[in-house]
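Undergrad: Chains as they are written, first to last, in UniProt numbering: chain A, 1 to 157; chain B, 1 to 157; chain C, 1 to 157; chain D, 1 to 157. Even glycine gets a Cβ: it sits at the ideal position worked out from N, Cα and C. Here you go, one structure.
Protein chains: 4
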Amino acid sequence: MRQVAVCGPRECSDVEARWARMVGRLLAEAGVTVLCGGGGGVMAAVADGASGAGGLVIGVRPDTERGAVCAGLSAVLFTGMGEARNAILVASADAVIIIGGSWGTLSELALARHRGGIPVVSLGGWQLLDADGTPLDATISATDPADAVARALGAGS
Amino acid sequence: MRQVAVCGPRECSDVEARWARMVGRLLAEAGVTVLCGGGGGVMAAVADGASGAGGLVIGVRPDTERGAVCAGLSAVLFTGMGEARNAILVASADAVIIIGGSWGTLSELALARHRGGIPVVSLGGWQLLDADGTPLDATISATDPADAVARALGAGS
Amino acid sequence: MRQVAVCGPRECSDVEARWARMVGRLLAEAGVTVLCGGGGGVMAAVADGASGAGGLVIGVRPDTERGAVCAGLSAVLFTGMGEARNAILVASADAVIIIGGSWGTLSELALARHRGGIPVVSLGGWQLLDADGTPLDATISATDPADAVARALGAGS
Amino acid sequence: MRQVAVCGPRECSDVEARWARMVGRLLAEAGVTVLCGGGGGVMAAVADGASGAGGLVIGVRPDTERGAVCAGLSAVLFTGMGEARNAILVASADAVIIIGGSWGTLSELALARHRGGIPVVSLGGWQLLDADGTPLDATISATDPADAVARALGAGS
């Protein structure tokens with residue numbers, strides 16, 4: 001296990017930002033590289049948490065705007081490919097942690113489940129029902145950042 | 001209004017295939033170009049319906065496998081970009097019609113809502129709740145193929 | 001043989017535009033679908049020639065700007081992926097015809113040769129030497145539009 | 001100046017591998033992050049040189065094959081987008097160094113010149129002539145690895 005993508009909205013609540021910062025710190029302390037979208041909100045918070053703990057953080061941007069990049073990144077890929085970059089984040093990760101909900105975040109959750117074979121863990125965020133109204137097991141639901149990281153790294157209870 | 005993307009799973013129910021075929025036919029009869037994923041299930045059914053009515057159908061494939069392409073396509077783009085092709089379908093459409101549910105289909109719904117500014121209409125498929133369990137208005141829910149096409153073309157009741 | 005990509009610069013000479021228009025017309029008359037970048041210069045000229053002869057022309061755009069699209073296209077894919085769209089054009093074609101030279105056009109030539117297995121024909125355009133100064137057989141050099149189309153369709157003399 | 005892409009063929013000569021290893025080492029010693037394709041040949045050599053000097057090296061792969069990755073990478077992006085990944089490498093770099101020649105490498109040179117505004121430096125590799133046979137100033141030609149790095153970093157003589 002070497003690379004975990006942490007996905008979440010550009011505009012997030014204070015609780016989500018706190019979760020993201022802690023998830024970043026715990027991943028860095030576990031020696032895991034963090035992949036994120038390199039923007040604001042959850043992306044900036046996880047980069048802050050991981051870099052503050054000395055971890056490696058790679059931002060994968062949708063655009064090529066140097067000014068739109070959050071602090072705390074070790075390196076930045078400017079894809080210039082819009083939301084298609086979400087597919088790269090998901091394809092590159094050994095696990096995905098979803099924090100909060102937005103349309104972009106939902107696309108990452110969906111792409112991660114489409115790929116299959118990796119843990120997709122969530123802290124908060126949206127829920128899914130199938131056509132009959134039955135809840136879908138879209139993600140492994142975590143109770144707090146430590147639980148999310150443990151489950152992403154395959155040591156979940 | 002010129003191009004409508006019709007998205008749905010590779011493995012679909014008979015009802016979904018019937019809906020997709022009829023949606024394809026109605027779009028073709030309205031002089032609208034159909035964009036689809038060019039594979040099986042809903043993709044094959046919409047291509048069949050639209051081409052049978054003399055319409056233009058463009059398939060946008062995730063791979064470069066010539067043998068994986070469904071019948072009825074006027075032209076095929078082989079992106080070789082995996083599920084990132086979903087972003088192209090959505091970015092190219094003046095409206096999106098979702099038929100049925102799957103992880104790939106959900107990513108298209110999410111990317112379409114992330115883009116914003118275009119109708120995203122659904123026939124069947126999955127439902128979304130926010131973190132509090134409140135239903136999200138993810139799509140314009142249609143009652144049948146004619147209603148779906150009318151709403152996609154901006155003439156919905 | 002069903003789809004031929006015609007690649008060339010946005011700003012081209014009158015001769016290149018004439019060549020492109022004629023290539024488009026001949027491809028359409030042969031029942032072949034034309035793929036192009038959907039912009040100005042060679043792209044606009046080939047679309048004009050092919051559509052004038054009743055052919056199918058698919059434009060694959062780097063951006064999502066509806067206003068930047070040339071006339072004569074049957075359908076347009078808005079990739080929003082910048083020059084990565086060149087890879088899609090090349091991957092989708094059964095043959096590539098290069099008209100004139102530019103950096104974008106050169107990337108298409110290079111991607112087509114990297115892919116291999118398809119004819120890459122040129123009318124005018126740049127030449128390549130290896131590190132020792134020996135000319136590289138980068139493309140099949142055509143003498144005029146009819147020759148270019150014949151060689152692309154595998155009927156070259 | 002923070003990120004330099006080093007591009008070159010998967011199958012390279014011993015001289016090219018030596019050049020790439022030295023370029024990687026010099027970039028790392030200058031505190032610059034190396035971006036590369038993460039595969040064999042020049043890609044493996046530059047990763048080896050940079051990582052041996054304690055530098056950060058990011059590999060950007062065309063596929064999602066974990067086994068195809070070279071040693072020495074700090075992080076790997078698995079784009080699953082084929083040669084479209086070349087556009088990402090070039091868009092992410094503050095300068096590009098080309099070592100040797102191949103069709104994939106040529107596409108990176110062409111995409112870098114298409115982008116414009118950044119130094120594109122070469123060590124060996126192919127040459128370009130325009131339609132009249134006049135040499136094109138495709139790249140800044142360097143005499144050795146130290147010269148290539150100096151010119152990429154804007155301190156060229």
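Quick check on the burial criterion: 16 or more other C-beta atoms within 10 angstroms. Buried or exposed for Thr-134(B)?
TA: Label assigned to Thr-134(B): exposed.
Undergrad: DSSP three-state call for Thr-105(B): helix, strand or coil?
TA: In this structure, Thr-105(B) counts as helix in the three-state DSSP scheme.
Undergrad: Return the CA-CA distance between Ala-30(A) and Ala-53(B), expressed in angstroms with no decimal places.
TA: Cα to Cα, Ala-30(A) sits roughly 59 Å from Ala-53(B).
Undergrad: Assuming residue 162(D) and Ala-45(D) form a contact by the criterion Cβ under 8 Å, report the distance between their Cβ atoms to the nearest whole angstrom.
TA: The structure shown does not extend to residue 162(D), since chain D is modelled only from 1 through 157, so no value can be given for it.
Undergrad: Helix, strand or coil for Ser-51(A)? Go by DSSP, reduced to three states.
TA: DSSP places Ser-51(A) in helix when its eight states are reduced to three.
Undergrad: To be precise: take each residue of the segment 73-92 of chain D, compare its Cβ to all Cβ atoms of chain B, and keep it if any distance is under 9 Å. Which residues remain?
TA: Within the segment 73-92 of chain D, the residues whose Cβ lies closer than 9 Å to some Cβ of chain B are Thr-79, Gly-80, Met-81, Gly-82, Glu-83, Ala-84, listed in chain order.
Undergrad: For chain B, check one thing: does any of its Cβ atoms lie closer than 8 Å to the Cβ of Thr-33(C)?
TA: Yes, Thr-33(C) lies at the interface with chain B (some Cβ there is under 8 Å from its Cβ).
Undergrad: Using a Cβ-Cβ cut-off of 8 Å, state whether Leu-56(A) counts as contacting chain D.
TA: Judged by the 8 Å Cβ criterion, Leu-56(A) is in contact with chain D.
Undergrad: Output yes if chain D places a C-beta closer than 8 Å to the C-beta of Gly-156(B); else output no.
TA: Low local confidence applies: a pLDDT of 46 at Gly-156(B) is under 50, so the model's placement there is unreliable, with the coordinate-based value given in what follows. No, Gly-156(B) does not count as interfacial toward chain D.
Undergrad: For Gly-83(D), count neighbouring Cβ atoms within 10 angstroms of its own Cβ and tell me buried if that reaches 16, exposed if not.
TA: Rather than Gly, the amino acid found at residue 83(D) in this sequence is Glu. Classification of Glu-83(D): buried, given that the 10 Å Cβ count is 16 or more.
Undergrad: Under 8 Å between C-beta atoms, does Val-6(D) make it to chain G?
TA: In the structure shown, chain G cannot be found, because the protein chains are A, B, C and D.
Undergrad: Distance check for Val-121(A) and Gly-55(A), CA to CA, integer angstroms please.
TA: Looking at the two C-alpha atoms, the distance is approximately 20 Å.
Undergrad: So, does the CB of Ala-47(D) fall closer than 8 Å to a CB anywhere in chain C?
TA: Not an interface residue.
Undergrad: Could you give the DSSP three-state label for Ala-131(D): helix, strand or coil?
TA: If DSSP states are grouped into helix, strand and coil, Ala-131(D) belongs with coil.
Undergrad: Alpha carbons only, please: which of Ala-75(D), Thr-105(D), Ile-88(D) is nearest the one belonging to Ala-93(A)?
TA: Checked all of Ala-75(D), Thr-105(D), Ile-88(D); the closest Cα to Ala-93(A) is Ala-75(D).
Undergrad: Compare the C-beta of Leu-153(A) with all C-beta atoms of chain D and state if any pair is closer than 8 Å.
TA: Answer no: the Cβ-Cβ gap between Leu-153(A) and chain D never drops below 8 Å.
Undergrad: Where Arg-115(D) and Gly-39(A) are concerned, what is the direct C-alpha to C-alpha distance, given to the nearest angstrom?
TA: Near 23 Å, if we compare the C-alpha coordinates of Gly-39(A) and Arg-115(D).
Undergrad: Could you tell me whether any Cβ in chain D is nearer than 8 Å to the Cβ of Leu-23(A)?
TA: Here residue 23(A) is Val; the residue named in the question, Leu, does not match the sequence. So no, Val-23(A) is outside the interface.
Undergrad: Sorted by chain position, which residues of the same chain lie with C-beta nearer than 6 Å to Ser-107(A)'s C-beta, five sequence neighbours on each side aside?
TA: Here the set comprises Asn-86.
Undergrad: Would you kindly work out how many angstroms separate the C-alpha atoms of Ala-142(B) and Arg-2(C), rounded to a whole number?
TA: Between Ala-142(B) and Arg-2(C), the C-alpha separation is close to 37 Å.
Undergrad: Going along chain C, which residues have a C-beta under 8 Å from Gly-125(D)?
TA: Ala-131, listed in chain order.
Undergrad: Nearest to Gly-49(B) by CA position, among Leu-73(B), Val-90(B), Val-69(B), Ala-138(B), is which residue?
TA: The shortest Cα separation from Gly-49(B) among Leu-73(B), Val-90(B), Val-69(B), Ala-138(B) belongs to Leu-73(B).
Undergrad: Any idea which residues DSSP pairs Val-121(D) with across the strands?
TA: Val-121(D) is bridged to Ile-97(D), Ile-140(D).
Undergrad: Going along the chain, which unbroken runs of the beta strand (DSSP E) with 3 or more residues stay wholly within the segment 23-75 of chain A?
TA: Fully enclosed beta strand (DSSP E) runs of 3 or longer: 33-36, 57-61.
Undergrad: Going by C-alpha distance, which of Ile-140(B), Val-42(B), Cys-70(B), Ala-112(B) is nearest Val-15(B)?
TA: Ranking the options by Cα distance to Val-15(B), first place goes to Val-42(B).
Undergrad: Consider the Cβ of Val-15(C): report whether some Cβ of chain B lies at a distance smaller than 8 Å.
TA: Judged by the 8 Å Cβ criterion, Val-15(C) is not in contact with chain B.
Undergrad: Trp-126(C) and Leu-136(D) look like a contact to me (Cβ under 8 Å); what is the Cβ gap, rounded to whole Å?
TA: Sure, about 7 Å apart at Cβ, within 8 Å.
Undergrad: Measuring only the C-alpha atoms, how far is Arg-113(C) from Pro-9(D)?
TA: Distance between the alpha carbons of Arg-113(C) and Pro-9(D): 14 Å.
Undergrad: At the level of alpha carbons, what is the spacing between Ser-157(A) and Arg-151(A)?
TA: Because the pLDDT of Ser-157(A) is 42, which lies under 50, any placement of that residue in the model is unreliable, and the number read from its coordinates should be weighed accordingly. Near 7 Å, if we compare the C-alpha coordinates of Arg-151(A) and Ser-157(A).
Undergrad: Excluding the 5 residues preceding and the 5 following Thr-139(B) in the sequence, name in chain order all residues of the same chain whose CB lies nearer than 7 Å to its CB.
TA: Contacts found: Ile-98, Leu-109, Val-120, Val-121, Ser-122.
Undergrad: According to the Cβ coordinates, are Leu-35(D) and Leu-89(D) closer than 8 Å?
TA: Going by C-beta atoms, Leu-35(D) is nearer than 8 Å to Leu-89(D).
Undergrad: Kindly indicate the opening and closing residues of the alpha helix (DSSP H) around Ala-87(C).
TA: Residues 85-92.
Undergrad: Do you know how far the Cα of Leu-128(A) is from the Cα of Ser-13(D)?
TA: So the alpha carbons of these two residues sit roughly 54 Å apart.
Undergrad: Using beta-carbon positions only, say whether Gly-37(B) and Asp-63(B) come within less than 8 Å of one another.
TA: No, the Cβ-Cβ distance between Gly-37(B) and Asp-63(B) is not below 8 Å.
Undergrad: Whose C-beta lies closer than 8 Å to the C-beta of Ala-146(A) among residues of the same chain, with five residues either side of it excluded?
TA: Cβ within range, chain order: Met-22, Leu-26.
Undergrad: So, is the C-beta of Gly-104(B) closer than 8 Å to a C-beta in chain A?
TA: Cβ-Cβ to chain A under 8 Å: yes for Gly-104(B).
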